[in-house]
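Visitor: Remember, the working numbering sits 1167 above the position in the sequence shown when you count from 1. All C-beta atoms in this analysis are idealised placements derived from N, C-alpha and C, irrespective of residue type, glycine included. In this text, all values refer to a predicted model and were calculated from it rather than measured experimentally. Quick one: structure below, then a few questions.
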Amino acid sequence: MTRATGIGSHPGDDQTAFDTALAVVLDTLGDDARGVPYLPEVPGRGAIATMTGRTLAVVAELGADLQPAGWRLTGGGSGIDHRRARSLLAQDLDTLEERAAGYDGTFKVQLAGPWTLAATVERPRGDRVLADHGARRDLAEALAEGIGEHVADLRRRLPDAAGLVVQIDEPVLPAVLGGRIPTASGYGRHRSVDRPELSGHLATVLDAVAAAGATPWVHSCAAEVPWDLVRGAGAQALLVDVAMLRAADLDQVAEAMEAGVDVALGFVPGLDPDPPLTDSALVERARRFLDALGFDAAEVGEHLVLAPACGLAGATPSWPPRVLKLLATAARALDEA
């Protein structure tokens, strides 16, 4: 049975926008057996609500504060913005607990992965965590520990949920592998990280998701993602932007499907398309893509998910409800064809 979900982010800049996004997600996906509803992210509310701020709110033991250049680890206690990030996440989860009471399907949350976090957060004395071998290991381990606590909290809040998914977002993974992350000065680039370490820290986090009783998914809408490495690190689902896939990527996605790994195909744009997209056009895109890989929708439907290509934070308020309805309708039509 083909399913439908969103990547995570929604437009808006206040708490009302979050409340609206959550209502849309639950109403559209929560009442559909094919839907995988999720905790929306509304990064327009400020740095404490961005992917990085949201994830630092979960990281265990390490303190952080917000500097003009962005988030920085403190080497000590949490700064006021770090505490605000944790408070906002708790507030959003309170709202979820109230509105999703009795929900008995699968539910998803999203967090930045260890490499995206290492590439965007600074060490206490400056420059990215990415620059320090020990610091990036410590950050991955702290994230893994925090995920265990986060999943336990979600299970307490959604006791009837049949399953929990933790989506790990790694948009900068290819840049880390390719040595393309700029240093703080902007004049240089951080050295590339070798594949064993890249895989090892990602596996630390994905293993923590699985150990907590949740299912680890990995999303990246970048080009040249090493999907074989991601899968080898323990991802049980790959969320791909179809437009970014090269020939070699197609082979890796096909191998994953053949092995029974769930694959979420990102066909729908994050911004309002012109002309408007129809569910029949979306179904046709999915069929053509599966045909190119040598699969029939009926044989891979159990492991197939339809999703936007990336987040929806830059869209107009009217686009996310339309997107989710399109995806749910297309998932049903793809199976019935």
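Applying the criterion that 16 or more other CB atoms from any shown protein chain within 10 Å of the CB defines a buried residue, is Tyr-1354 buried or exposed?
Guide: Exposed, since its Cβ has fewer than 16 Cβ neighbours within 10 Å.
Visitor: If distances are taken between C-alpha atoms only, which option among Asp-1305, Ala-1319, Arg-1323 and Arg-1221 comes closest to Glu-1364?
Guide: Ranking Asp-1305, Ala-1319, Arg-1323 and Arg-1221 by Cα distance to Glu-1364 puts Asp-1305 first.
Visitor: Can you check the region 1340 to 1369 for any alpha helix (DSSP H) of at least 4 residues that lies completely inside it and give the ranges in chain order?
Guide: Within the region 1340 to 1369, the complete alpha helix (DSSP H) runs of at least 4 residues are 1340 to 1344.
Visitor: Is it true that the CB of Val-1296 sits closer than 7 angstroms to the CB of Leu-1288?
Guide: Looking at the sequence provided, one finds Val at residue 1288 rather than Leu. The answer is yes: Cβ separation under 7 angstroms.
Visitor: Where does Asp-1336 land, buried or exposed, given buried means 16+ other C-beta within 10 angstroms?
Guide: Buried, by the Cβ-count rule.
Visitor: Looking at C-alpha atoms only, which residue of Phe-1434, Ala-1480, Ala-1431 and Arg-1201 is the closest neighbour of Thr-1273?
Guide: Answer by Cα proximity: Arg-1201.
Visitor: Quick one: what's got a C-beta closer than 8 angstroms to Ala-1298's C-beta in the same chain, skipping five residues either side?
Guide: Excluding sequence neighbours, Ala-1298 sits near Arg-1290, Thr-1350 and His-1357.
Visitor: Per DSSP, what kind of secondary structure is Gln-1277 in: helix, strand or coil?
Guide: Three-state DSSP puts Gln-1277 in a strand.
Visitor: Assign Ile-1314 to one of two classes, buried (16 or more other C-beta atoms within 10 Å of its C-beta) or exposed (fewer than that).
Guide: Buried is the call here.
Visitor: From Gly-1481, Phe-1462 and Asp-1463, pick the residue whose C-alpha is nearest to that of Pro-1440; which is it?
Guide: For the residues Gly-1481, Phe-1462 and Asp-1463, the minimum Cα distance to Pro-1440 belongs to Gly-1481.
Visitor: For Arg-1323, count neighbouring Cβ atoms within 10 angstroms of its own Cβ and tell me buried if that reaches 16, exposed if not.
Guide: Flag for Arg-1323 reads exposed.
Visitor: Please confirm whether Thr-1283 and Val-1372 have their CB atoms less than 7 angstroms apart.
Guide: Contact: no.
Visitor: Anyone know if the C-beta pair for Asp-1248 and Leu-1229 falls short of 7 angstroms?
Guide: Contact flag unset, no.
Visitor: Within 7 angstroms of any Cβ in chain B, is that where the Cβ of Met-1424 sits?
Guide: Looking at the structure shown, chain B is missing, and only one protein chain is on hand.
Visitor: Let's test the definition: count the other Cβ atoms within 10 Å of the Cβ of Met-1168 and tell me whether it reaches 16, buried, or not, exposed.
Guide: Met-1168 should be labelled exposed.
Visitor: Taking just the CA atoms, how far does Ala-1500 sit from Ser-1447?
Guide: Roughly 8 angstroms separates the two Cα atoms.
Visitor: With distances taken from CA atoms, which of Asp-1408, Met-1411 and Gln-1419 is nearest Ala-1395?
Guide: Residue 1395 is actually Asp in this sequence, not Ala. That would be Gln-1419, whose Cα lies nearest to the Cα of Asp-1395.
Visitor: Could you give the uninterrupted runs of the alpha helix (DSSP H) lying entirely in the region 1386 to 1437, keeping only those of 4 residues or more?
Guide: 1394 to 1399 and 1414 to 1425, all fully within the region 1386 to 1437.
Visitor: What would DSSP say about Val-1192, mapped onto helix, strand or coil?
Guide: Three-state DSSP puts Val-1192 in a helix.
Visitor: Just tell me which of Arg-1413, Val-1409, Met-1411 and Leu-1494 has its CA closest to the CA of Thr-1445.
Guide: The residue with the shortest Cα to Cα distance from Thr-1445 is Leu-1494.
Visitor: For the beta strand (DSSP E) containing Val-1472, list its first residue and its last residue.
Guide: Its beta strand (DSSP E) spans residues 1471 to 1475.
Visitor: Does the distance from the CB of Arg-1303 to the CB of Ala-1329 come in under 7 angstroms?
Guide: For Arg-1303 and Ala-1329, no; Cβs fall outside 7 angstroms.
Visitor: What are the start and end residues of the beta strand (DSSP E) that includes Leu-1233?
Guide: Leu-1233 -> beta strand (DSSP E) spans 1231 to 1234.
Visitor: Can you name the start and end residues of the beta strand (DSSP E) that Leu-1331 belongs to?
Guide: Where Leu-1331 is concerned, the enclosing beta strand (DSSP E) stretches over 1330 to 1336.
Visitor: Find the nearest neighbour of Val-1467 within the set Glu-1425, Leu-1260 and Ala-1379, judged by alpha-carbon distance.
Guide: Checked all of Glu-1425, Leu-1260 and Ala-1379; the closest Cα to Val-1467 is Glu-1425.
Visitor: Apply the 10 Å Cβ neighbour rule to Arg-1292 and answer buried if 16 or more other Cβ atoms are within range, or exposed otherwise.
Guide: So Arg-1292 ends up on the exposed side.
Visitor: If distances are taken between C-alpha atoms only, which option among Glu-1308, Val-1385 and Glu-1503 comes closest to His-1517?
Guide: What is shown of the chain runs 1168 to 1504, which leaves residue 1517 out entirely.
Visitor: So, is His-1177 buried or exposed, given that buried needs 16 or more other C-beta atoms within 10 angstroms?
Guide: Buried is the call here.
Visitor: Using only the alpha-carbon positions, how far apart do Arg-1362 and Arg-1347 sit?
Guide: Rounded to whole angstroms, Arg-1362 to Arg-1347 spans 15 angstroms at the Cα level.
Visitor: Name the residue from Asp-1180, Leu-1260, Glu-1316 and Ala-1224 whose alpha carbon lies nearest to the alpha carbon of Gly-1244.
Guide: Of the listed residues, the one whose Cα sits closest to Gly-1244 is Ala-1224.
Visitor: So for Arg-1253, helix, strand or coil by DSSP?
Guide: Helix, per DSSP.
Visitor: Quick one, are the C-beta atoms of Asp-1271 and Asp-1327 less than 7 angstroms apart?
Guide: Closer than 7 angstroms, so yes.
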